[in-house]
Ligand SMILES: Nc1ncnc2c1ncn2[C@@H]1O[C@H](COP(=O)(O)OP(=O)(O)OP(=O)(O)O)[C@@H](O)[C@H]1O
Ligand SMILES: Nc1ncnc2c1ncn2[C@@H]1O[C@H](COP(=O)(O)OP(=O)(O)OP(=O)(O)O)[C@@H](O)[C@H]1O
Ligand SMILES: [Mg+2]
Ligand SMILES: [Mg+2]
Ligand SMILES: O=P([O-])([O-])[O-]
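Residue numbers (this note's numbering), protein chains in the order written: chain A, 4 to 316; chain B, 31 to 348; chain C, 382 to 687; chain D, 3 to 279; chain E, 3 to 279.
Below, the structure written as structure tokens:
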């Protein structure tokens with residue numbers, strides 16, 4: 004599961020290491036300081052910033068964890084350079100080109116899945132016709148080949164009004180996930196409104212009856228009073244995105260994707276606070292996933308990560 | 031009045047002598063005297079270095095940008111899609127965004143600012159002027175981020191009630207708010223220009239039976255026109271360079287459009303977006319930042335030059 | 382209102398018919414009064430907007446201001462979030478901007494007023510300074526990012542932000558100091574030279590002390606400009622979430638306007654952030670109000686009348 | 003130097019100035035000032051002024067600096083009220099109407115009463131536009147009529163020949179004396195009844211002064227003129243009546259001949275003979 | 003008004019001023035000006051000046067406005083060179099050294115030559131700091147020494163009794179006359195050899211003028227004084243020698259008595275009798 008990392012975790016002493024890990028953490032808790040720099044996905048940002056805050060409050064008050072949210076791709080740009088960031092959050096998997104770049108720069112990268120996210124399509128709360136759409140219909144709205152400009156182009160009984168499709172811009176992993184996995188690298192429809200800030204998108208949809216936008220589930224659950232989600236019919240009836248349906252093998256699976264954070268392994272070796280924070284993230288991410296709108300990871304993956312981190316000591 | 035009898039004779043303190051003795055400290059003074067002008071010159075050159083720094087960074091990186099994107103494509107391209115797989119770097123969407131927002135701002139700032147100036151300079155009593163002017167200047171001192179907040183959370187919702195098609199992020203609302211921000215600037219510079227028209231000129235017109243309005247329109251404004259126009263140009267320059275209001279309230283859509291109900295991006299907002307996303311050094315999009323900044327710089331620089339030229343060239347002599 | 386026109390017995394034919402003049406007079410006076418009303422309304426427009434803005438910000442934010450908010454750390458949770466970090470960041474920024482601009486600004490002003498020969502160099506520097514004053518702040522941000530953050534590799538720390546801001550507000554201090562120095566009457570420096578004082582002694586002991594109130598006023602106004610600026614620091618790169626307090630020049634930091642910015646755009650994520658932004662605006666406005674009042678007090682109180 | 007030459011002429015002209023004698027006794031009163039008092043704040047600048055200005059005469063006002071000459075003449079067209087702290091009591095009747103009455107429209111008054119100031123104050127416009135300014139604000143737009151008014155006014159101000167070829171040039175290109183005559187022309191263009199002049203020649207050289215003085219003599223055939231002057235010789239040369247002001251009071255008001263040859267008040271005599279002021 | 007009273011005294015004092023007679027002939031020359039020419043840009047302000055200033059005398063410089071009095075006196079301590087466009091030729095020897103020589107340090111010169119200006123120009127500092135200014139810039143820091151210098155200088159300028167209880171107050175609280183004497187005290191604090199005074203009483207009321215004049219008479223016992231004055235009576239009252247300047251030239255330079263009673267040049271006479279200027 005830990006794809007991409009050039010350093011395979013030592014899976015052998017899985018059980019034995021559990022204790023030492025905690026010992027280390029307890030010891031380290033005494034005197035860690037310095038900074039941890041996290042950048043990347045805006046989708047993952049709410050989860051990561053809560054983790055960072057809790058970490059600083061409860062674990063290491065002297066460690067400064069900064070969380071920025073340039074977007075997955077822009078984040079990788081800052082992560083894959085010498086003296087770059089310590090972590091990069093990502094709402095898609097690292098690309099091959101990016102791995103090559105890492106290698107070229109002599110940077111060792113470790114991937115951690117942190118949660119599962121459902122790509123959610125949202126519409127205006129008073130939009131009463133598009134509450135349920137099929138996967139194909141959704142794709143046709145956003146695809147250049149869809150031939151859809153008005154709602155009535157989808158189904159004749161829909162209003163004869165222009166659709167206003169929107170989404171995050173190309174800085175974002177969410178965009179790339181959509182582009183690569185859902186549109187299958189087909190062009191986006193002309194006039195799609197792409198924004199840097201998710202909050203702008205929420206606003207735009209909340210204020211426009213004909214708007215439809217896509218982004219991570221978290222941005223939907225936090226704004227349910229302003230926007231509503233489209234229930235997607237993947238062939239077996241409409242599925243409402245929720246923490247249950249977007250979980251592993253849930254009914255929303257086709258639009259579900261893991262979100263990640265990538266660790267610069269050398270930084271973790273060099274700076275104990277980076278390693279410590281990585282450990283904290285891995286062990287506590289499930290606790291905060293729900294409240295920030297993500298589905299939790301299976302325990303097995305967490306154990307796997309722990310053993311990898313132990314190997315760095 | 032017996033001044034000097036005791037002064038030099040048997041003095042405990044002989045100043046002359048002491049001054050002679052302290053002459054050695056003069057060497058230090060001489061050194062300071064020699065070094066100070068040079069030191070101060072170095073300090074004064076920092077302002078020049080700043081300009082040179084700005085020009086150098088902008089020019090060199092812009093040059094690199096034009097190696098990658100032909101200059102013609104940049105200035106004639108109507109599509110700006112810097113992040114896409116197939117990036118396009120037409121600056122026209124940003125230019126239209128910038129120009130439209132500035133035009134809207136000046137539609138607010140010029141009439142209101144000028145009328146305010148007229149009221150303060152021609153109609154208001156001294157006392158009224160002295161109370162109103164500082165209050166207007168508060169308006170000029172409010173940070174732009176506050177105006178951005180105001181535009182986004184207050185003006186836009188109101189405008190949306192009035193104009194049905196208005197998007198939640200649009201160029202109209204920040205344009206208007208920018209105009210409000212610029213009112214004090216236009217008002218105060220125009221008022222300065224109008225107050226410097228000699229009283230005798232006003233009296234000459236009043237004595238012919240002219241009303242205040244006629245004096246203002248036919249004598250004061252023509253005489254102060256250069257200062258007034260310069261204030262407009264400086265206002266435009268300010269609007270072009272304004273960042274936070276548009277960044278917050280106009281979204282980041284890179285539309286090439288003239289529809290003011292739409293979200294548009296200005297050059298300044300583009301810079302914020304790209305640097306906020308912290309573009310990795312070396313990418314084309316990173317260099318595009320400098321090309322846009324250079325364009326912005328040239329725009330405002332020309333505006334400022336123009337303002338100075340106007341106020342010098344067309345100054346009435348009275 | 383009928384002036385007896387028959388009394389005039391001019392031999393030449395008359396073009397100005399007093400009756401027409403009378404008739405038009407009323408129209409002209411009404412026009413004048415209407416215009417006056419319009420001009421007054423325009424003047425009030427700005428002030429009314431100001432009042433609305435302040436009322437709106439206060440009504441939204443005042444309820445969120447309390448000791449915990451002022452002294453607390455930043456947090457994702459609006460009920461827990463505080464702005465001490467931003468306040469300290471602002472103070473640290475000032476700790477760089479104030480001395481740097483004072484040194485550079487006053488130094489430049491002294492050079493221009495006392496040393497530079499009125500000629501090409503003088504007018505070149507002078508023109509340069511007024512041009513700098515018109516350069517958009519975001520361009521300074523790019524300069525700072527390129528030079529301080531990247532080329533000098535300082536990163537987005539207090540020092541880099543402070544130096545950027547210093548350059549941005551430098552023209553304000555230079556111009557204010559120049560005016561203050563120019564306002565010191567010539568006969569004071571003549572008196573000093575007459576005692577055998579050297580140029581620098583005269584500047585240090587006579588001119589600068591006399592110009593100090595004006596210089597300070599300019600310096601404070603430049604600080605208040607620096608405190609309110611947002612764009613250059615966003616360009617330099619300030620993290621959206623930075624919980625630790627800055628403790629030195631080489632620490633990462635955030636400042637009040639940037640905090641307002643993030644909370645404003647994140648308000649759609651957590652609605653209460655808008656209130657936090659409003660509360661922070663109140664704090665910022667109060668700080669600015671205090672600074673500007675101080676400047677006015679200094680100007681009024683310590684300005685010498687010679 | 004210039005002043006000296008001007009002074010020499012005086013003696014000659016005082017004698018030759020015989021117009022006063024020939025004025026018929028039944029001249030009409032244009033301005034009748036009754037018990038006028040004026041304060042700048044608490045400063046009592048005009049004290050109980052009583053004065054009649056007659057039609058088609060030149061009335062000179064003389065007195066030392068600060069005695070209230072300008073204040074008085076500016077009260078006659080209510081320009082003095084541009085100073086906000088001014089308070090006035092008493093009456094000034096202009097052709098029978100009290101101009102200090104609240105209901106009286108100053109703009110009306112000022113279209114009947116022209117004013118020429120100490121420093122020439124043309125507008126920064128062309129010569130033509132300067133003269134056409136007054137007619138235009140009173141609604142005259144017809145180009146031909148305007149042309150005619152401009153020419154007639156410039157002729158009336160004895161400056162036509164000097165400027166007729168450069169009517170579209172800026173008025174600031176003229177010399178000081180020309181500017182002053184232009185200002186007089188500007189005044190004439192609205193065909194006033196009275197012309198007020200506040201030291202109209204004090205900023206001019208002797209030659210220009212002479213020209214303006216001649217012009218005034220010419221103008222009084224058509225207009226009533228009130229002129230403030232520092233220059234006693236000038237008052238003697240050109241005026242029919244002279245009022246001597248001192249400390250805000252009218253010390254003496256009489257025919258100019260009488261004032262200069264046989265003043266009844268000691269202070270007038272002292273002032274005229276240059277003993278103070 | 004005040005001037006009038008002051009003038010009345012003159013006649014009395016001119017006669018009583020007999021100090022010139024008793025001066026021994028072998029007085030030392032302090033300043034020897036030879037063929038001095040000075041230009042402001044192209045404006046030839048001083049023309050071929052030759053003048054000797056003697057020790058422990060008061061040398062007065064009189065002449066009409068703009069004749070170069072201030073320019074000359076400011077050349078004596080090279081203050082005139084603060085104006086960048088100034089060009090000078092000729093020599094001024096101060097105690098045998100040419101002060102116009104490039105190698106001559108102006109600061110040195112100015113510690114020997116004090117200057118008092120037309121308008122009192124105390125620094126906006128305390129009275130004490132004003133007087134201590136000179137000693138301090140010359141390196142005297144010792145508090146006790148400074149105290150002593152300040153007291154002695156203030157006594158020397160006959161102002162000690164008036165200010166001794168308010169030494170730490172701002173000098174701008176003093177009256178004009180007190181300020182001028184303070185400026186003289188400030189001068190005395192560096193114990194100069196020569197004191198230059200450029201119309202030191204022209205901004206003062208008659209009473210203060212009298213005080214300063216008395217002070218000057220006192221000071222000349224110890225110092226050589228060069229004083230520029232507009233007031234001929236003042237020159238007559240207090241000076242030993244008088245130079246009459248006109249249009250940048252020295253018309254006449256002689257003992258004051260001679261100049262005032264028996265001038266050899268017609269222009270001097272005209273000026274002194276008030277025929278011009
Ligand atoms: N705008 C003003 N505000 C206050 N006081 C004024 C004002 N104008 C004039 N005065 C005062 O009113 C008095 C009369 O002034 P006025 O100008 O009428 O004198 P004047 O006779 O015209 O003197 P001059 O010959 O110098 O022009 C003076 O004491 C003057 O100080
Ligand atoms: N700074 C200057 N720049 C140019 N010209 C000057 C300057 N100072 C004086 N002058 C000119 O030099 C001439 C002599 O001036 P100066 O001040 O010495 O006259 P003064 O005798 O002191 O006159 P006053 O009695 O009015 O003080 C004048 O023509 C004056 O215009
Ligand atoms: Mg007057
Ligand atoms: Mg002088
Ligand atoms: O902000 P993203 O998660 O879409 O990269």
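Just so it is clear, CB atoms sit at the ideal spot from N, CA and C, and this is done for glycine as well. Note that the coordinates shown come from a computational prediction; the quantities given were computed from them, not determined experimentally.
{"Query": "For residue 42(D), the residue or residues it bridges with in DSSP", "Result": "45(D) and 88(D)"}
{"Query": "Host alpha helix (DSSP H) of residue 155(E) (start-end)", "Result": "145–158"}
{"Query": "Under the three-state DSSP convention, the category residue 408(C) falls into", "Result": "helix"}
{"Query": "Neighbour list for residue 338(B) in chain E, Cβ cutoff strictly below 9 Å", "Result": "Going along chain E, no residue has its Cβ under 9 Å from residue 338(B), so there is no contact; the nearest lies around 26 Å."}
{"Query": "Simplified DSSP state of residue 255(E), which is helix, strand or coil", "Result": "strand"}
{"Query": "Under 7 Å between C-beta atoms of residue 3(B) and residue 208(B)", "Result": "Since the first residue shown for chain B is 31 and the last is 348, residue 3(B) is missing from the structure and cannot be characterised."}
{"Query": "CA nearest to the CA of residue 75(B), picked from 629(C), 638(C) and 551(C)", "Result": "551(C)"}
{"Query": "Residues bridged to residue 99(E) [DSSP beta-bridge criterion]", "Result": "96(E)"}
{"Query": "7 Å Cβ cutoff met for residue 561(C) and residue 592(C)", "Result": "yes"}
{"Query": "At least three beta-carbon pairs within less than 8 Å, the segment 275–293 of chain B to the segment 94–113 of chain B", "Result": "yes"}
{"Query": "Beta-carbon neighbours of residue 72(A), restricted to chain C and to distances below 8 Å", "Result": "621"}
{"Query": "Reduced DSSP category for residue 171(A) - H, G, I as helix; E, B as strand; rest coil", "Result": "strand"}
{"Query": "Any C-beta of chain A under 7 Å from that of residue 460(C)", "Result": "no"}
{"Query": "Own chain partners of residue 322(B) with C-beta closer than 7 Å, once the 5 adjacent residues on each side are dropped", "Result": "121, 124, 297, 300 and 301"}
{"Query": "Minimum Cβ-Cβ distance from residue 151(D) to chain F less than 7 Å", "Result": "This model lacks chain F altogether; the protein chains it does include are A, B, C, D and E."}
{"Query": "C-beta contact flag for residue 167(A) and residue 214(A) at 7 Å", "Result": "yes"}
{"Query": "Cβ pair count under 8 Å reaching 3, the segment 55–64 of chain A against the segment 635–647 of chain C", "Result": "no"}
{"Query": "Closer than 7 Å to chain B by CB, residue 37(D)", "Result": "no"}
{"Query": "Whole runs of the alpha helix (DSSP H) within the segment 644–685 of chain C, excluding any shorter than 4 residues", "Result": "653–683"}
{"Query": "Nearest neighbour of residue 595(C), chosen from 642(C), 549(C), 563(C) and 580(C) [CA to CA]", "Result": "563(C)"}
{"Query": "Pair within 7 Å by beta-carbon distance, residue 613(C) and residue 545(C)", "Result": "yes"}
{"Query": "Proximity test, residue 72(E) beta-carbon vs ligand 4 heavy atom, cut-off 6 Å", "Result": "yes"}
{"Query": "Best match in 267(A), 115(A), 135(A) and 60(A) for proximity to residue 236(A) [C-alpha to C-alpha]", "Result": "135(A)"}
{"Query": "Assigned secondary structure, residue 229(D) (DSSP; H/G/I helix, E/B strand, else coil)", "Result": "strand"}
{"Query": "Cα-Cα separation between residue 248(E) and residue 61(B), rounded to whole angstroms", "Result": "43 Å"}
{"Query": "Residue-chain proximity (residue 83(B), chain C), Cβ-Cβ < 7 Å", "Result": "yes"}
{"Query": "Ordered list of alpha helix (DSSP H) runs contained in the segment 189–251 of chain E, each at least 4 residues", "Result": "208–221 and 234–240"}
{"Query": "Residue from 300(A), 315(A), 316(A) and 314(A) with nearest C-alpha to residue 115(A)", "Result": "300(A)"}
{"Query": "Below-7 Å beta-carbon distance, residue 48(B) vs any chain E residue", "Result": "yes"}
{"Query": "Close Cβ partners of residue 119(D) (< 6 Å) along its chain, the five nearest in sequence each way excluded", "Result": "200"}
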